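In what follows, a single structure is set out as structure tokens and then discussed.
Residue numbers (our numbering): 173 to 466.
Next up, the structure:
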């Protein structure tokens with residue numbers, strides 16, 4: 173499918189106040205698109221709007237908790253009232269909780285599922301009908317390698333990303349008849365500083381250290397600027413799938429060809445992970461609050 177111009181298109185971006193979402197907003201605004209950013213933190217939204225306004229484009233920021241369906245509905249309504257349409261939906265918002273499965277609780281899985289899967293599904297229900305009425309659109313779902321291969325110590329995240337990947341792939345063929353292209357993005361680690369915003373359980377300092385190291389490995393991670401460029405290129409071209417960086421391709425291919433070998437490797441990886449601790453390990457702390465981190 174031929175690529176389209178982002179000029180005068182309206183993009184709704186979840187998790188758009190920082191990290192990958194904000195970088196996507198920067199790059200799409202530079203191409204003269206109009207953007208609506210959804211995020212929870214009003215101060216981060218204000219900073220994002222101040223920056224993006226300098227690009228002389230139209231920017232709408234909406235404080236919204238994506239765990240609440242009523243707030244999602246309100247955010248979509250505000251976007252349509254302001255711009256009259258939504259051409260591009262980028263489901264980027266995410267959370268990650270790191271720690272042994274023994275310290276994960278029902279609420280941890282529910283929160284991850286509500287944000288990564290259910291919020292995406294609700295936005296699909298709200299946005300797709302008006303895309304159909306306008307003759308088409310683009311949907312980008314930011315999943316993860318963790319949505320293709322289950323990695324130890326991120327069970328809620330991986331579970332919910334598997335659901336997102338499945339949903340994204342499931343709707344692609346059905347929406348194609350309406351000229352709506354769905355792109356599933358499967359990144360490895362991205363150098364966004366996400367470890368500061370992640371939450372950690374178990375031996376929090378040790379969990380933080382391995383997660384922080386993984387996010388900085390040059391062969392296993394990708395810069396947020398390069399990731400955003402690739403995502404917008406794939407979206408514009410209507411590509412079904414984007415996997416990045418190249419190391420992620422090999423990991424996914426190895427799992428597809430040799431699933432039993434991958435399972436054995438994951439067992440070995442798990443042995444190198446921090447062990448579970450006592451009841452205190454059930455407490456969650458953000459990366460910014462973890463004691464003893466370097």
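Each residue gets a CB set at the ideal place from its N, CA and C atoms; glycine is no exception. Fair warning: this is a prediction, and the values are worked out from it, not measured in the lab.
For residue 318, collect the residues of the same chain with a Cβ closer than 7 Å to its Cβ; drop the 5 residues on either side in sequence, then sort them by chain order. Here residue 318 corresponds to residue number 146 of the chain shown, with the count starting at 1. Same-chain partners within the cutoff: 326, 329, 330, 333.
Among the residues of its own chain, which have a CB less than 8 Å from the CB of residue 120, if the five just before and after it don't count? Residue 120 lies beyond the stretch modelled for the chain, which goes from 173 to 466, so this question has no answer here.
Identify every residue that forms a DSSP beta bridge with residue 414. As a first step, residue 414 must be located in the chain shown, where it is residue number 242. 357.
Over the uninterrupted alpha helix (DSSP H) stretch that includes residue 442, give me the two end residues. Start at 1 with the first residue of the chain shown, and residue 442 comes out as number 270. First-last of the alpha helix (DSSP H) with residue 442: 431-443.
With a floor of 4 residues, list each alpha helix (DSSP H) that falls wholly inside the region 271-348, ordered by position along the chain. 278-285, 291-306, 327-348
Are the CB atoms of residue 211 and residue 235 within a distance shorter than 9 Å? Counted from its first residue, the chain shown places residue 235 at position 63. Counted from its first residue, the chain shown places residue 211 at position 39. Going by C-beta atoms, residue 235 is nearer than 9 Å to residue 211.
According to the Cβ coordinates, are residue 392 and residue 417 closer than 9 Å? Along the chain shown, read from residue 1 onward, the residue named residue 392 stands at position 220. Along the chain shown, read from residue 1 onward, the residue named residue 417 stands at position 245. Contact: yes.
Whole angstroms are fine: how far does the CA of residue 461 sit from the CA of residue 304? Working through the chain shown from its first residue, we reach residue 304 at position 132. Working through the chain shown from its first residue, we reach residue 461 at position 289. Residue 304 and residue 461: Cα-Cα distance of roughly 45 Å.
Just mark residue 177 as buried or exposed, buried being the case when its beta carbon has 16 or more other beta carbons within 10 Å. Within the chain shown, numbered from 1, the residue matching residue 177 stands at position 5. Residue 177 is exposed by the Cβ-count criterion.
Rounded separation between residue 255 and residue 309 - CA only: One-based indexing of the chain shown puts residue 255 at position 83. One-based indexing of the chain shown puts residue 309 at position 137. Cα to Cα, the separation comes out at about 15 Å.
For residue 195, which residues in the same chain have their Cβ closer than 7 Å to its Cβ, ignoring the five residues on either side in sequence? Here residue 195 refers to the residue found at position 23 of the chain shown. Same-chain partners within the cutoff: 396, 397, 400.
Indicate the three-state DSSP secondary structure (helix, strand or coil) for residue 230 in the structure shown. Reading the chain shown from its first residue, position 58 is the one you call residue 230. Residue state, collapsed to three classes: coil.
Residue-chain proximity (residue 234, chain B), Cβ-Cβ < 9 Å: The structure shown contains no chain B; it is built from a single protein chain.
Report the residue ranges of all beta strand (DSSP E) runs contained in full by the region 365-405; include only those spanning at least 3 residues, in chain order. 393-395
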